[in-house]
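Beneath this line is the structure, given in structure tokens, with notes to follow.
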């Protein structure tokens with residue numbers, strides 16, 4: 051048995067799965083993370099080493115800049131990156147990162163929460179998938 055309390059593990063799995071589905075991969079509470087997660091998307095601490103000499107915060111900042119560059123081309127907006135807030139990671143040959151970050155849409159404007167999704171391929175290239183302001187969250191549904 052991989053977990054001492056399987057009932058608790060199953061409950062945590064259901065909570066984590068619901069959070070991943072509702073947030074489209076961008077939000078999941080680390081406390082509910084298990085070794086076997088839904089869709090193998092893991093909530094990663096920002097200061098954990100991602101690549102040799104780079105933390106996930108630094109790695110994701112690079113990814114956000116690639117996504118923002120594409121976003122600026124597509125939307126003709128000048129969004130200014132401020133900082134990475136959190137991120138989730140799905141490993142593999144085409145690993146995907148679900149990054150939440152703060153940005154400004156105007157030089158002296160208020161901070162706005164944004165989401166970026168990017169893929170890293172085995173050749174080391176970063177591919178932007180999406181960049182958008184975070185949607186307004188819905189009220190959570192009770193989990194039974």
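Numbering (my numbering), first residue to last: 51 to 194.
C-beta: ideal position from N, C-alpha, C; glycine also.
In this text, all values refer to a predicted model and were calculated from it rather than measured experimentally.
So what does DSSP say about residue i, is it helix, strand or coil?
{"i": "residue 88", "result": "A caution first: residue 88 carries a pLDDT of 49, below 50, which makes its placement in the model too unreliable to give a value."}
{"i": "residue 134", "result": "strand"}
{"i": "residue 101", "result": "strand"}
{"i": "residue 76", "result": "coil"}
{"i": "residue 155", "result": "coil"}
Closest to residue i by C-alpha separation, out of the options, would be which residue?
{"i": "residue 106", "options": "149, 59 and 163", "result": "149"}
{"i": "residue 96", "options": "155, 135, 182 and 140", "result": "135"}
{"i": "residue 114", "options": "173, 124, 165 and 70", "result": "165"}
Which residues in the same chain have their Cβ closer than 6 Å to the Cβ of residue i, if we skip the five residues on either side of it in sequence?
{"i": "residue 91", "result": "70, 75, 138 and 140"}
{"i": "residue 98", "result": "106"}
Skipping 5 residues on each side, what residues in its chain have a beta carbon closer than 8 Å to that of residue i?
{"i": "residue 186", "result": "none"}
{"i": "residue 143", "result": "171 and 172"}
What does a CB cutoff of less than 7 Å around residue i pick up in its chain, not counting 5 residues either side in sequence?
{"i": "residue 116", "result": "168, 176 and 178"}
Just checking, does the segment 156–164 make contact with the segment 94–111 on the three C-beta pairs under 8 Å criterion?
-> no
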